[in-house]
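In the working numbering, the protein residues as written are 1 to 142. For every residue, glycine included, the Cβ atom is placed at its ideal position computed from N, Cα and C. The model shown is predicted, which means the values in this text are computed figures rather than measured ones.
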């Protein structure tokens, strides 16, 4: 009888250890998901700062100040890239509604139909998550 009880105890212990391992894996997956979501949310909140720096560069007269702001902007984007931020490709690429928002159309040669011809606002993603779709003008064959 004692041998059977020991076997049952060992079986219950193994089952409990398997359940503990599954719970640990769930917690690790959830923690990774929350960390990625938090990172993506922070990256998305920083995008307007990149836009502000772009507008400052566009409005500033040529010179040292403009060049300095451009350097800061580029460094800021590189730091964000270290955390997974990527630009959405636009001009010269096929329009993709998953990452592009069409804000207009422009006449183009038939071989460029459906191609992005200009960018109104940069789009960004982190991994497979689109943080902001790029606002673009799409070529339409005349």
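query: Sub-7 Å separation of residue 100 and residue 134 beta-carbons; result: yes
query: Cβ neighbour criterion (16 or more within 10 Å) applied to residue 115; result: buried
query: Where the beta strand (DSSP E) through residue 139 begins and ends; result: 134-141
query: Alpha helix (DSSP H) segment containing residue 66, residue limits; result: 64-82
query: Inter-residue CB distance, residue 69 and residue 53 (contact presumed, cutoff 8 Å); result: 6 Å
query: Backbone secondary structure at residue 58 - three-state DSSP; result: helix
query: Beta-bridge pairing of residue 125 - partner residues as DSSP gives them; result: 86 and 130
query: Cβ distance (whole Å) where residue 102 is taken to contact residue 138 below 8 Å; result: 5 Å
query: Between the CA atoms of residue 122 and residue 67 - distance to the nearest angstrom; result: 20 Å
query: Neighbourhood of residue 44 by C-beta, 6 Å cutoff - its chain only, sequence neighbours within 5 removed; result: 131
query: Burial state of residue 124 (16 or more Cβ within 10 Å); result: buried
query: Under the three-state DSSP convention, the category residue 102 falls into; result: strand
query: Reduced DSSP secondary structure (H/G/I, E/B, other) of residue 117; result: strand
query: Bridge partner(s) assigned by DSSP for residue 108; result: 141
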